[in-house]
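Report on the following structure.
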Amino acid sequence: MISWTLGAAMRRSRRSPMDASSFRVGMITDSFKAPLPYNPGRHRASSEALSRRGWFRLVRIGVKKLAPEEARADLLAIGLHTDGQPPEALAATAEPALSGGDFAGKSGQTALLYTGDTITSPRLLLVGLGERSSFSPEKLRRAAATISRRARTLEAGSVAFSLPELADVDAGTAARAAAEGASLGLYRFGRYKTGDKSSGGGPEDFDLLIGGSGVEETASRGAEIGAKVASGAALARDLANEPSNTATPEYLAERAEEIGARYGMAVTVLDRAGIKEEGLTGLSTVGRSSSNEPRFIVLEHRKGGGDKPVVIVGKAVTFDSGGISIKPTAGMDDMKFDMGGGAAVLGAMEAVGALDLPLDVVAIVPATENLPGGDAFKPGDVLTMPNGKTVEILTTDAEGRLILADALCYARRYEPAAVVDCATLTGACVVALGAHASGLMGNDEDLIAEVQAAGDTTGERAWPLPLFDEYTEQIKGDTADLKNSGGRGGGALTAGAFLKEFAEFPWAHLDIAGTAYGKKGNAYTTKGATGTPARLLVEFLIGRSA
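The numbers in UniProt numbering rise by one with no breaks, and the one at position 245 of the sequence shown is 245.
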């Protein structure tokens with residue numbers, strides 16, 4: 001493990017990686033176990049112990065070269081397009097649903113059939129894949145999640161899913177998408193519900209059936225990647241779903257230290273005194289009125305041979321009341337999700353460690369609460385940021401950009417190849433893009449395109465937005481260099497323009513205010529935290545490691 005001395009104020013945690021048995025990943029005979037969502041308690045425990053406590057349920061993702069009718073499972077699932085037909089061995093079982101109009105292959109449609117003794121699996125689930133021409137890894141991901149959830153409802157202990165072919169997509173990519181969907185479709189956050197101690201549940205085994213020759217190894221590796229990426233996304237969801245009286249800045253730092261210990265990453269955590277000594281004015285100012293002290297968290301995965309690292313940054317305001325510029329009561333409970341960016345970055349680092357990516361990656365998570373109080377910062381205050389620029393505070397409810405500015409300034413010491421930050425930053429982005437895409441901005445067109453492509457691949461889509469010079473003019477201050485709000489017009493863009501003032505390297509910014517959490521989910525997300533953009537970040541980093 002490589003470590004550096006970056007200042008006397010830092011408290012570096014150096015710990016040995018945990019024994020492999022305490023967090024099971026990798027191949028187990030012909031299949032492997034998808035790692036469990038991380039234990040939200042304070043102490044480490046083995047996955048087996050957690051399963052015994054009833055908090056989590058292991059799902060084993062396997063890859064088998066079998067025809068569907070040869071599979072032995074509690075539930076056999078096959079996907080059909082609108083113009084598709086089942087395999088000949090299953091045609092008689094499926095015929096009543098198809099001829100009777102109960103199933104037409106529409107995307108998301110299902111039909112449950114009982115096979116009698118015609119094949120070894122007692123139940124057959126038809127899953128609609130939609131039009132063949134528009135089928136994609138994302139639709140496959142959702143189909144696999146639909147199967148997992150139906151299996152849970154049926155209390156099926158094992159599932160076999162005949163992996164459909166994707167035009168111009170290799171077996172590894174298809175298996176990865178299916179593994180992600182099968183794993184994330186089972187996610188639930190129920191640890192605070194008495195009588196329901198299961199955050200997962202569902203089948204223990206989920207086999208992907210492949211028919212082509214010579215693709216077993218590719219499919220197995222893809223499924224393994226998918227399970228590990230899903231585990232990171234589940235961790236991101238767990239962290240963001242935790243109530244803010246549990247998920248304090250200190251709690252996030254402890255979780256980061258455990259990730260570092262598990263994978264041999266160097267971990268730096270600055271407390272309130274260290275943050276002040278390091279000159280991180282934004283974080284120090286925002287966090288000074290809370291009894292839950294802020295933390296500045298850094299993880300370093302050094303497996304790239306000393307190349308310039310890629311830095312990922314996540315805003316973690318563990319509860320945002322708005323400060324003195326206090327928010328209305330309605331919806332304030334959702335402000336526990338204002339640490340979604342930090343949660344996603346920690347989830348991404350969990351996956352980076354599990355995948356052992358051959359890349360130097362640095363994760364930075366500034367964590368704080370934003371509360372009113374006798375020592376709270378005020379509208380009209382002027383701050384001097386780490387790069388020397390001054391900022392006039394117009395509203396204390398635009399605090400996220402202040403702590404991100406600190407993190408971007410801190411990232412300079414690494415001379416990074418690229419920096420990507422993610423933050424639940426502006427309601428304006430929700431107005432612009434809703435819940436279906438994150439806002440994407442930056443100062444490097446190639447990097448922006450790279451991040452957008454990663455979003456397209458994972459289904460965590462991002463849409464480019466402009467940072468015209470006029471938006472920078474909107475944030476020019478009257479009594480300081482900058483002001484922390486550019487007004488209502490173009491709010492997501494002026495926030496991006498503010499961050500751009502602190503990015504002296506190739507940089508991209510993801511505004512995830514509309515995508516990090518929601519009131520309803522899709523096939524593989526639930527109400528609450530989505531984990532976005534953890535999978536996007538991992539895909540971006542996988543691309544950088546190639």
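From the three backbone atoms N, C-alpha and C, an ideal C-beta is built for every residue, glycine too. The structure presented is a predicted model; accordingly, all values stated were derived computationally and were not measured.
So the candidates are the options; which of them puts its Cα closest to the Cα of residue i?
i: L129; options: A179, S158, A77; result: A77
i: residue 548; options: V311, D334, I312, G314; result: What the structure shows of the chain is the stretch from 1 to 546, and residue 548 is not part of that stretch, so it cannot be assessed.
i: G373; options: S291, A348, V298, M332; result: S291
i: R488; options: G459, A428, S284; result: A428
i: A343; options: S99, R141, S162, A233; result: A233
i: F103; options: W507, T118, L125, D117; result: L125
i: R272; options: A266, V286, T390; result: V286
i: K106; options: T93, G84, E95, L355; result: G84
i: P137; options: K389, I364, A179; result: A179
i: E277; options: R295, D238, T525, A73; result: R295
i: L359; options: L209, L541, K65; result: L541
i: Y263; options: L209, V431, G353; result: G353
i: G421; options: D397, E69, I364; result: Going by the sequence as given, residue 421 is Asp instead of Gly. Nearest of D397, E69, I364 to D421, Cα basis: I364.
i: A160; options: S148, A171, V169; result: S148
i: G259; options: N245, E300, R132; result: The residue you asked about is not Gly; residue 259 is Ile in the sequence shown. The candidate whose alpha carbon is nearest that of I259 is E300.
i: T494; options: L465, I119, A417; result: L465
i: T82; options: A111, G491, R132; result: R132
i: L209; options: F319, I61, A230; result: I61
i: residue 560; options: C409, R142, T194, D74; result: Nothing can be reported for residue 560: it is not among the residues displayed for the chain, which extend from 1 to 546.
i: S183; options: E165, L140, G214, P164; result: L140
i: E92; options: D74, Q109, G116; result: For the sequence presented, residue 92 should be read as Ala rather than Glu. Measuring from the Cα of A92, the nearest candidate turns out to be G116.
Taking all protein chains shown into account, do 16 or more other C-beta atoms lie within 10 angstroms of the C-beta of residue i, making it buried, or fewer, making it exposed?
i: H509; result: buried
i: K483; result: buried
i: N39; result: Any reading at N39 needs caution, since the residue's pLDDT is 34, under 50, leaving its predicted position unreliable; the model's value is listed next. It is buried - the Cβ of N39 has at least 16 other Cβ atoms within 10 Å.
i: T479; result: exposed
i: G323; result: buried
i: K476; result: exposed
i: Y192; result: exposed
i: F32; result: Confidence at F32 is low in this model, with a pLDDT of 32, below 50, so its placement is unreliable and the value that follows should be read with caution. Buried, since its Cβ has 16 or more Cβ neighbours within 10 Å.
i: G41; result: Note that G41 has pLDDT 33, beneath the 50 cutoff, so the model's placement of it is unreliable and the number below is only indicative. By the neighbour-count rule (16 or more Cβ atoms within 10 Å), G41 is not buried but exposed.
i: I28; result: The predicted position of I28 is uncertain, since its pLDDT is 24 and thus under 50; no value can be drawn from it.
i: G331; result: exposed
i: R535; result: buried
i: R413; result: exposed
i: F377; result: buried
i: T457; result: buried
i: D207; result: buried
i: F468; result: exposed
i: A411; result: buried
i: S21; result: Confidence at S21 is low in this model, with a pLDDT of 24, below 50, so its placement is unreliable and the value that follows should be read with caution. Label assigned to S21: exposed.
i: E350; result: buried
i: N241; result: buried
i: P243; result: exposed
i: residue 547; result: Examination of residue 547 is not possible in this model, given that the chain is present from 1 through 546 alone.
i: S289; result: buried
i: A219; result: buried
i: V431; result: exposed
i: G274; result: buried
i: T396; result: buried
So residue i and residue j are in contact, right, with Cβ under 8 Å, and what is the actual spacing, rounded?
i: L186; j: G202; result: 4 Å
i: S121; j: A71; result: 6 Å
i: L235; j: K303; result: So it is not a contact: roughly 20 Å between Cβ atoms.
i: A261; j: G226; result: About 25 Å; that fails the 8 Å criterion.
i: N387; j: F502; result: 6 Å
i: A423; j: D511; result: 7 Å
i: T530; j: A546; result: T530 to A546, Cβ: 26 Å. No contact.
i: K315; j: I403; result: 6 Å
Return the bridge partner residues of residue i from the DSSP annotation.
i: I364; result: V298, V313
i: C422; result: G314, L510
i: P464; result: L440
i: F540; result: None; F540 has no bridge partner.
i: D207; result: G62, A160
i: R191; result: The partner list for R191 (beta bridge, DSSP) is empty, contrary to what the question assumes.
i: D320; result: N370
i: K483; result: E392
i: I78; result: L126, S162
i: K476; result: L482
i: T110; result: V127
i: L355; result: None, per the DSSP bridge assignment.
i: G181; result: Beta-bridge pairing links G181 to no other residue.
i: Y517; result: A529
Flag residue i as yes when its Cβ comes closer than 7 Å to any non-hydrogen atom of the ligand PLP, and as no otherwise.
i: D271; result: The ligand PLP is not among the ligands present in this structure, which contains no ligands whatsoever.
### Task
Say whether the region 494-501 touches the region 465-477, bearing in mind that this needs 3 or more beta-carbon pairs closer than 8 Å, one atom from each stretch.
yes
### the region 377-392 / the region 295-315 touching (three or more Cβ pairs under 8 Å)
no
### Message
Check whether the region 362-372 and the region 440-459 are in contact - that is, three or more C-beta pairs closer than 8 Å.
### Response
no
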